[in-house]
Each structure stands twice: as structure tokens, then as C-alpha cells.
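Trainee: Numbers in the working numbering are just positions in the sequence shown, counted from 1, shifted up by 185.
Backbone N, C-alpha and C define an ideal beta-carbon position, used for all residues, glycine too.
Handing you a structure now.
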Amino acid sequence: MLRILLRVLVFLGSAALGLLAAAWLIPAVDLSPVGFVTAVLVFALAQSLLAPVVSRIAARAAPAFLGGIGLVSTVVALFVATLFPNGLHITGWRAWVLAPVIVWLVTALATLVLSPFVPRPGGEAKPSARGRRAR
């Protein structure tokens with residue numbers, strides 16, 4: 186149970202960092218303080234639900250595009266998050282091109298950095314690169 190809670194916290198934290206980075210770096214991305222929590226929750230929920238669906242569709246229809254699934258689901262999740270009032274607003278085509286890239290990159294990096302703190306199913310921490318044994 187603790188592992189699931191930590192994974193959710195890592196996912197929400199990385200989504201928050203991604204949205205904050207986009208709002209900070211792109212002037213046409215506005216993230217209101219009042220709607221920040223709503224925007225993060227909506228984005229994270231949409232991203233977690235859409236990524237597997239988009240992945241399955243791409244695997245059947247266009248396997249060459251599997252690498253871009255994260256970006257596609259990020260675009261759709263950002264769009265869903267903008268539908269809620271007083272939260273996230275993205276205006277202009279440049280912002281719609283740059284925001285998904287920044288959000289995807291920051292969330293991927295944050296997840297990569299924070300994931301080692303989530304215990305493995307056996308209860309042990311993930312091994313570091315130094316601690317791995319050669320096989």
C-alpha cells in the first residue's frame with residue numbers, strides 16, 4: 186500500500202513540476218494559483234488514463250510512432266486540463282507546441298530522479314548502478 190501511495194506521489198509531483206516549468210518558461214501558458222491543484226490532478230489523471238490507450242492504438246495502427254506516445258498523451262492531457270476553469274490556460278500555437286514538450290521532458294526527468302525512492306514489490310529499494318552485480 187505504501188508503494189502505491191509513493192508511486193502516486195511521485196506521479197503527482199512530476200506532473201506539478203512539469204506544469205510549473207511550462208508556466209514559467211512559456212509566457213502563453215498561464216497556471217493560476219487557485220486552480221493549480223485542480224490542474225495537476227486533472228492532468229495527472231488524464232495522463233495516467235490516456236497513456237495506455239494511446240499506446241495500444243499506436244501499437245496496432247502505427248508501431249513506428251510508439252516513441253512519441255508520451256508526447257501525444259501529454260498533449261491530450263493538457264487539453265483536458267485546460268477544459269477546467271480557473272486552472273491551466275494555453276494560448277497560441279507556439280505554446281501548444283512547446284508546452285507538451287516541456288511538460289513531458291520535466292515529468293520524465295522528475296520521475297526518473299524520484300523513482301528510486303519508491304520501494305520495489307519485495308520491500309527493498311531499487312539497486313543503484315554501483316550496487317548491481319555483473320551476470
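Could you tell me whether the segment 296-306 touches the segment 186-200, using the rule of 3 or more Cβ pairs below 8 Å?
Mentor: Flag = yes, the segment 296-306 and the segment 186-200 touch.
Trainee: Could you check whether Gly220 and Gly272 sit closer than 7 Å to each other, using their CB atoms as the reference points?
Mentor: Yes, Cβ-Cβ distance for Gly272 and Gly220 is below 7 Å.
Trainee: Give the DSSP-derived three-state secondary structure of Leu216 in the structure shown.
Mentor: DSSP places Leu216 in strand when its eight states are reduced to three.
Trainee: For the structure I just gave you, are there three or more beta carbon pairs, one from the segment 238-247 and one from the segment 203-222, closer than 8 Å?
Mentor: Result no; under three Cβ-Cβ pairs closer than 8 Å.
Trainee: Less than 7 Å between the beta carbons of Ala262 and Gln232, yes or no?
Mentor: Result yes, Cβ atoms of Ala262 and Gln232 sit closer than 7 Å.
Trainee: Quick one, are the C-beta atoms of Val291 and Ala224 less than 7 Å apart?
Mentor: Cβ atoms of Val291 and Ala224: not closer than 7 Å.
Trainee: Consult DSSP for Ile275 and reduce its assignment to one of helix, strand or coil.
Mentor: Here Ile275 sits in strand by DSSP.
Trainee: Counting along the chain, where does the alpha helix (DSSP H) carrying Ser233 start and finish?
Mentor: Element bounds for Ser233: Phe221 to Ala246.
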